[in-house]
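Notes follow the structure.
There are 2 protein chains.
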Amino acid sequence: MAVYTEVTDEALTAFLADFDIGSVVAFRGIAEGVENSNYSLRTTSGDFILTLYEKRVDPAELPWFLGLMEHLAKRGIVCPLPVHGRDGAALRSLSGRHAAITTFLPGVWPRRVRPEHCAPVGSALAALHLGGEGYAQARRNALGPHGWRPLLERSRARADEVLDGLSRELDSALTGILATWPQGLPIGHIHADLFPDNVFFLDGRLSGLIDFYFAATDILTYDVAVCLNAWCFEPDFSLNVTKARAMLRAYEATRPLSEAERAALPVLCQGAAIRFLLTRLYDWLNTPPGALVVRKDPLEYLRRLRFHLLARDEHAYGI
Amino acid sequence: MAVYTEVTDEALTAFLADFDIGSVVAFRGIAEGVENSNYSLRTTSGDFILTLYEKRVDPAELPWFLGLMEHLAKRGIVCPLPVHGRDGAALRSLSGRHAAITTFLPGVWPRRVRPEHCAPVGSALAALHLGGEGYAQARRNALGPHGWRPLLERSRARADEVLDGLSRELDSALTGILATWPQGLPIGHIHADLFPDNVFFLDGRLSGLIDFYFAATDILTYDVAVCLNAWCFEPDFSLNVTKARAMLRAYEATRPLSEAERAALPVLCQGAAIRFLLTRLYDWLNTPPGALVVRKDPLEYLRRLRFHLLARDEHAYGI
Numbered sequence: 100m101a102v103y104t105e106v107t108d109e110a111l112t113a114f115l116a117d118f119d120i121g122s123v124v125a126f127r128g129i130a131e132g133v134e135n136s137n138y139s140l141r142t143t144s145g146d147f148i149l150t151l152y153e154k155r156v157d158p159a160e161l162p163w164f165l166g167l168m169e170h171l172a173k174r175g176i177v178c179p180l181p182v183h184g185r186d187g188a189a190l191r192s193l194s195g196r197h198a199a200i201t202t203f204l205p206g207v208w209p210r211r212v213r214p215e216h217c218a219p220v221g222s223a224l225a226a227l228h229l230g231g232e233g234y235a236q237a238r239r240n241a242l243g244p245h246g247w248r249p250l251l252e253r254s255r256a257r258a259d260e261v262l263d264g265l266s267r268e269l270d271s272a273l274t275g276i277l278a279t280w281p282q283g284l285p286i287g288h289i290h291a292d293l294f295p296d297n298v299f300f301l302d303g304r305l306s307g308l309i310d311f312y313f314a315a316t317d318i319l320t321y322d323v324a325v326c327l328n329a330w331c332f333e334p335d336f337s338l339n340v341t342k343a344r345a346m347l348r349a350y351e352a353t354r355p356l357s358e359a360e361r362a363a364l365p366v367l368c369q370g371a372a373i374r375f376l377l378t379r380l381y382d383w384l385n386t387p388p389g390a391l392v393v394r395k396d397p398l399e400y401l402r403r404l405r406f407h408l409l410a411r412d413e414h415a416y417g418i
Numbered sequence: 100m101a102v103y104t105e106v107t108d109e110a111l112t113a114f115l116a117d118f119d120i121g122s123v124v125a126f127r128g129i130a131e132g133v134e135n136s137n138y139s140l141r142t143t144s145g146d147f148i149l150t151l152y153e154k155r156v157d158p159a160e161l162p163w164f165l166g167l168m169e170h171l172a173k174r175g176i177v178c179p180l181p182v183h184g185r186d187g188a189a190l191r192s193l194s195g196r197h198a199a200i201t202t203f204l205p206g207v208w209p210r211r212v213r214p215e216h217c218a219p220v221g222s223a224l225a226a227l228h229l230g231g232e233g234y235a236q237a238r239r240n241a242l243g244p245h246g247w248r249p250l251l252e253r254s255r256a257r258a259d260e261v262l263d264g265l266s267r268e269l270d271s272a273l274t275g276i277l278a279t280w281p282q283g284l285p286i287g288h289i290h291a292d293l294f295p296d297n298v299f300f301l302d303g304r305l306s307g308l309i310d311f312y313f314a315a316t317d318i319l320t321y322d323v324a325v326c327l328n329a330w331c332f333e334p335d336f337s338l339n340v341t342k343a344r345a346m347l348r349a350y351e352a353t354r355p356l357s358e359a360e361r362a363a364l365p366v367l368c369q370g371a372a373i374r375f376l377l378t379r380l381y382d383w384l385n386t387p388p389g390a391l392v393v394r395k396d397p398l399e400y401l402r403r404l405r406f407h408l409l410a411r412d413e414h415a416y417g418i
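Going down the list, the sequences are from chains A and B.
First residue of the first sequence? That's 100 in our numbering, and the numbers climb one at a time after it.
First residue of the second sequence? That's 100 in our numbering, and the numbers climb one at a time after it.
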């Protein structure tokens, strides 16, 4: 779940007084989300999401995230739009946290991915990549390849508690990934976390993208690799080539991949797998008893990583 | 949080096809609640709550709870109203769980109780007690006095892990409470869990009561004692007599207490305190690592219990 910070009704009323969106009608914590506290907020003028930014988010980066969402929304990407207070500021303070109100998006995220979800995700991802052009500032990807070795070091001593030999396997895989990490591929603003719970569908159509708080400036095709990992594996950890092909073809219909980008897919997918494996491993080893968050199994991404390590080229992904 | 059971979009669509409430527009897990999985559901015809009943609820008792909510709603108590399917049934199945849709109530539960909340709670509780009359079936209160000794036995061996001497203190207190538990007081349907997170306010007025899944047939004034414990203590565990008096006076304006009920307030409050102490103690000792639920400190109720054990009569509560 994600309600780490409680908001008193007095504080909420005072907070809303700085906006032109009416007064509170309903206010419920949202179970989804891991990083921040999210509330569903209904006012007399409509529905909104109130987010309180928790410890993992660097406050100095919040204007970048909110600015990206505004930039993308103006370019026709359906994503939450920050609501500005009467003084013009969207990023504000509430209950000792940085906080923002964004618009509410209709739709339901797919609990079980079907092949027909994958083409819309590919199209939306390509549109997001093109839509991000012109957003001038860059944000370094703290969870990109430069971050993976330090992340592994934080878990290495206890990694074998999760699986015997895991520490050595990760060390070896990471060395190979970093040695062959592609240089010179097109860079842009990426979502970097476009998992199913961040994509809404309504009446069979993609209705919006949410949760841009891992967004960064990095290799665009790495974002494709994240989505291949997140959307195209079956519960038995086999790659569903139909899903992968649908996603890649739809992506390419909007933003064609260069030969170099296609050739880099296996190592980009390895990198994406190890990135989620490493954060899950750290969380697995460090989630205290009674925590509010469900620990996600890091080994699901070890299985994906092993697949990608065996992929000889982009044909492994159906193209 | 409370989303233990995920619902796929296909299952949700099929489920809604059995109702006359349109098709899904939005579907989000709700963070509040501990016992069941709750979703905020918006359809093309309005807003609803979808509840999936989890392990702690006995399926055989669900019709009683839903029936009570319908009975109360007809009597003017603002509470969730079960929505019936086309076949007339409100209690249905979804994702391997019993499930029901109820109406959405506007309002916000008070994160910080102020004195002005307490009179409306007292009035609403009395109205609920009167409104429950005529609902014919009784439900034994599994968490009433007969349940407390067995509950203590389940935690006794490890109680002193929480506080040295706790086992003996609880044993002694419980023996006294059960020996002086009142007989012959008016019985009716009680909410039994009317904590602040189950009471909504809107524009300074009480706008609804939720979560009837601990409701039972028991001493009406015991329900008052639960509310005194839940609403009238300060963070330093002192009783706020202003709050208690406001609650009791407002209750009595709708349903006056007899002399015997007033005289029983101290022992009823002791019982209510030990009831929440015992369930919290059990949960504290048995909540597994990685659990979705925040463990609530049982000792908050030990402090209340000690207060009530020193209360000589009802004047301790401001009346």
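Even glycine gets a Cβ: it sits at the ideal position worked out from N, Cα and C.
Fill in: Burial state of ASN385 of chain B, where buried means 16 or more other Cβ atoms lie within 10 Å
With fewer than 16 Cβ atoms within 10 Å of its Cβ, ASN385 of chain B is classed as exposed.
Discussion item. Please state the DSSP three-state secondary structure of MET100 of chain B.
Written reply: Annotation note: pLDDT 41 at MET100 of chain B (below 50); position unreliable, coordinate value reported separately. Three-state DSSP puts MET100 of chain B in coil, outside helix and strand.
Discussion item. Taking 7 angstroms as the limit between beta carbons, can you name the residues of its chain near GLU333 of chain A, skipping five residues before and five after?
Written reply: Excluding residues within five positions, the ones whose Cβ falls inside 7 angstroms are ASN339.
Discussion item. Taking beta-carbon pairs under 8 angstroms, can you tell me which members of the stretch 300-328 of chain A lie near chain B?
Written reply: Within the stretch 300-328 of chain A, the residues whose Cβ lies closer than 8 angstroms to some Cβ of chain B are PHE300, LEU301 and ASP302, listed in chain order.
Discussion item. Quick check on GLU360 of chain A - is its C-beta less than 8 angstroms from some C-beta in chain B?
Written reply: no
Discussion item. Rounding to the nearest angstrom, what Cα-Cα distance links MET100 of chain B and VAL261 of chain A in this structure?
Written reply: Because MET100 of chain B sits at a pLDDT of 41, beneath the cut-off of 50, its placement in the model cannot be relied upon, and the point is left open.
Practice prompt. With a cut-off of 8 angstroms on the beta carbons, I'd call VAL124 of chain B and PRO205 of chain A a contact; round off their distance for me.
Written response: 5 angstroms
Worksheet item: Can you find a CB in chain A that lies within less than 8 angstroms of the CB of SER139 of chain B?
Response: yes
Practice prompt. Apply the 10 Å Cβ neighbour rule to GLN369 of chain A and answer buried if 16 or more other Cβ atoms are within range, or exposed otherwise.
Written response: Counting the other Cβ atoms within 10 Å of the Cβ of GLN369 of chain A gives 16 or more, which makes it buried.
Worksheet item: Is DSSP giving LEU229 of chain A helix, strand or coil here?
Response: helix
Discussion item. Please tell me whether SER222 of chain A and TYR350 of chain A are closer than 8 angstroms, where the distance is taken between their beta carbons.
Written reply: yes
Discussion item. By the three-class DSSP mapping on this structure, what secondary structure does ARG379 of chain A have?
Written reply: helix
Worksheet entry | VAL220 of chain A and LEU293 of chain A closer than 8 angstroms at C-beta | VAL220 of chain A places its beta carbon less than 8 angstroms from that of LEU293 of chain A.
Practice prompt. For ARG193 of chain B, I'd like the list of residues in its chain whose CB is within less than 7 angstroms of its CB, leaving aside the five on either flank, ordered along the chain.
Written response: Looking at the sequence itself, residue 193 of chain B is Leu, so the reference to Arg does not match. The beta carbon of LEU193 of chain B is closer than 7 angstroms to those of VAL106, ALA110, PHE114 and LEU151 in its chain, skipping five residues each way along the sequence.
Worksheet item: What residues in its chain sit with their C-beta under 8 angstroms from that of VAL207 of chain A, if we drop five residues either side in the sequence?
Response: PHE299, PHE300 and LEU301
Worksheet item: Quick one: is HIS245 of chain A buried, meaning 16 or more other Cβ sit within 10 Å of its Cβ, or exposed?
Response: exposed
Worksheet item: Roughly how many angstroms separate the alpha carbons of TRP383 of chain B and CYS217 of chain B, rounded to a whole number?
Response: Their Cα atoms are separated by approximately 29 angstroms.
Discussion item. Please tell me whether ASP292 of chain A has its Cβ less than 8 angstroms away from any Cβ of chain B.
Written reply: no
Practice prompt. Decide if GLY307 of chain B is buried, meaning its Cβ has at least 16 other Cβ atoms within 10 Å, or exposed.
Written response: GLY307 of chain B sits buried, since 16 or more C-beta atoms from the chains shown fall within 10 Å of its C-beta.
Practice prompt. Provide the residue span of the alpha helix (DSSP H) that contains ASP108 of chain A, from first to last.
Written response: 108-115
Item to complete: Quickly, what does DSSP pair HIS288 of chain B with across the bridge? List them, please.
Response: B:THR316
Discussion item. Whole angstroms are fine: how far does the CA of HIS288 of chain A sit from the CA of GLU231 of chain A?
Written reply: A small fix is needed here, since residue 231 of chain A is Gly in this sequence, not Glu. Cα-Cα distance, rounded: 6 angstroms.
Worksheet item: Going along chain A in order, which residues have a C-beta closer than 8 angstroms to the C-beta of PHE126 of chain B?
Response: VAL207
Discussion item. Quick test of your reading: PHE336 of chain A and ARG402 of chain A, contact by CB under 8 angstroms. State the CB separation rounded to the nearest angstrom.
Written reply: 4 angstroms
Worksheet item: Between the stretch 192-216 of chain B and chain A, which residues of the former have a C-beta closer than 7 angstroms to a C-beta of the latter?
Response: PRO205, GLY206, VAL207, PRO209, ARG210 and ARG211
Practice prompt. Verify whether the separation of the beta carbon atoms of ILE373 of chain B and LEU284 of chain B is less than 8 angstroms.
Written response: no
Fill in: Neighbourhood of PHE118 of chain A by C-beta distance below 6 angstroms, restricted to the same chain and skipping five residues each side
GLY184
Item to complete: Helix, strand or coil for VAL325 of chain A, going by three-state DSSP, please let me know.
Response: helix
Discussion item. Can you check whether the C-beta of ILE276 of chain A is within less than 8 angstroms of a C-beta belonging to chain B?
Written reply: Using a Cβ-Cβ cut-off of 8 angstroms, ILE276 of chain A does not count as an interface residue toward chain B, since no Cβ of chain B sits closer than that to its own.
Discussion item. Only counting the same chain, and skipping five residues up and downstream in sequence, which positions put a Cβ closer than 6 angstroms to that of LEU409 of chain B?
Written reply: So the list is empty, once near-sequence residues are dropped.
Practice prompt. Kindly indicate if chain B contains any beta-carbon less than 8 angstroms away from that of VAL106 of chain A.
Written response: yes
Fill in: Any alpha helix (DSSP H) of 4 or more consecutive residues that is wholly inside the stretch 193-274 of chain A
Segments of the alpha helix (DSSP H) lying fully in the stretch 193-274 of chain A: 214-230 and 244-258.
Fill in: Helix, strand or coil at ASN297 of chain B according to DSSP, with G and I counted as helix
Helix.
Item to complete: Would you mind giving the Cβ-Cβ distance between ARG127 of chain B and ILE129 of chain A, rounded to the nearest angstrom? I have them listed as a contact below 8 angstroms.
Response: Right, the Cβ-Cβ distance comes to about 5 angstroms (below 8 angstroms), so this counts as a contact.
Discussion item. Here's a check: name, in chain order, each residue in its chain whose Cβ is nearer than 6 angstroms to the Cβ of ASP146 of chain B, leaving out the five neighbours to either side.
Written reply: PHE203
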